[in-house]
Each structure stands twice: as structure tokens, then as C-alpha cells.
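So the structure is just underneath, and the comments pick up after that.
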């Protein structure tokens, strides 16, 4: 395991925060980038939410128990249709996971390789919080615009 969860924070970068992690942001509009260095633990699932005050713009859910990543969003508090992909992670290995906003599409990369594109169903400019929860240790989280 990397670090002990001491939780050092610079303005837009967090190192070894305890899970769950809540990263405040002021929108996730065109050109915004979230870079995570993380280590999935032995728990069966973890998720990352890009959240507005009312909805989830992107729910990225790694499910080791299903061998899949499920991307989804909410509208009016209700879940929309799922996008499913093969799981690119192994537990207890380190990964860099990036989310980049680009004209209504959130591009997702794992270790520098394109993984998936998520077409926004709710505009990402209203994102105010990034939530990271479940079976994952976050070594660092960096948000840039």
C-alpha cells in the first residue's frame, strides 16, 4: 500500500487522502482534467462521481465482482442507461486514471491509453464535487483547468 492516508493537500492536488475522498471543484468544463494515481484494493468495487448539487454527471464504477466498468449518470436523481466496458484494472496494482472534458464528452484514459468516452447527459460545467469511494487507495488526485 502506498502511504498511510496522511492527507496532504495543495490547492488543486491531494496526496494520500483517506477514502472516501471529496475533492471540491468549480466546474468541469471544456479542457478540465482530473488525474488520479490509485491502487484498487481487495474490495469488489470502487467508484468516482463527478457531481453537481443535484445530479451525477459521470458515475465511473469499477466492479471487480463483474469484471466490468459501468459508466452512468443521474437526471432528477434517477439513474440513466449504463455504458459497460471490460475492467482494465487488477487489484493491488497502481494505475493512473484520467478524465478530460472535451466539448460535451468526457474522455477516460488508463495509464495514458484511451479507455472510453462518456457523452455528457448533464452539462459538466455545474460539477462542484468529485467523490471517490469504495475499494481504492488514492495516492494523488489532481484537478486542472
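Residue numbers (UniProt numbering): 1 to 145. C-beta atoms are modelled at their ideal positions from N, C-alpha and C, and glycine is treated no differently. It should be emphasised that the depicted structure is a prediction, and the values quoted were computed from it without experimental measurement.
Contact annotation: residue 13 and residue 142 have beta-carbon atoms nearer than 8 Å.
Residue 55 is classed as buried because its beta carbon has at least 16 other beta carbons within 10 Å across all chains shown. Here residue 107 has 100 and 117 as same chain residues with Cβ atoms under 6 Å from its own Cβ, once five neighbours each way along the sequence are excluded.
Within the DSSP secondary-structure output, residue 74 pairs in a beta bridge with 79. Here residue 85 is exposed, its C-beta having fewer than 16 other C-beta atoms within 10 Å. Just so you know, the alpha carbons of residue 105 and residue 90 end up roughly 26 Å apart. Restricted to the UniProt domain "Galectin" (20-144), the beta strand (DSSP E) segments that are unbroken, complete and at least 3 residues in length are 21-24, 33-40, 45-51, 56-63, 68-72, 83-86, 95-102, 105-110, 113-119, 129-134 and 136-144, listed in chain order. Here the alpha carbon of residue 34 sits roughly 6 Å from the alpha carbon of residue 98. When the beta-carbon positions are compared, residue 50 and residue 137 stay at least 8 Å from each other.
Within the same chain, and ignoring the five residues on either side of residue 45 in sequence, the residues whose Cβ sits closer than 8 Å to its Cβ are 61, 62, 63, 64, 65, 134 and 135.
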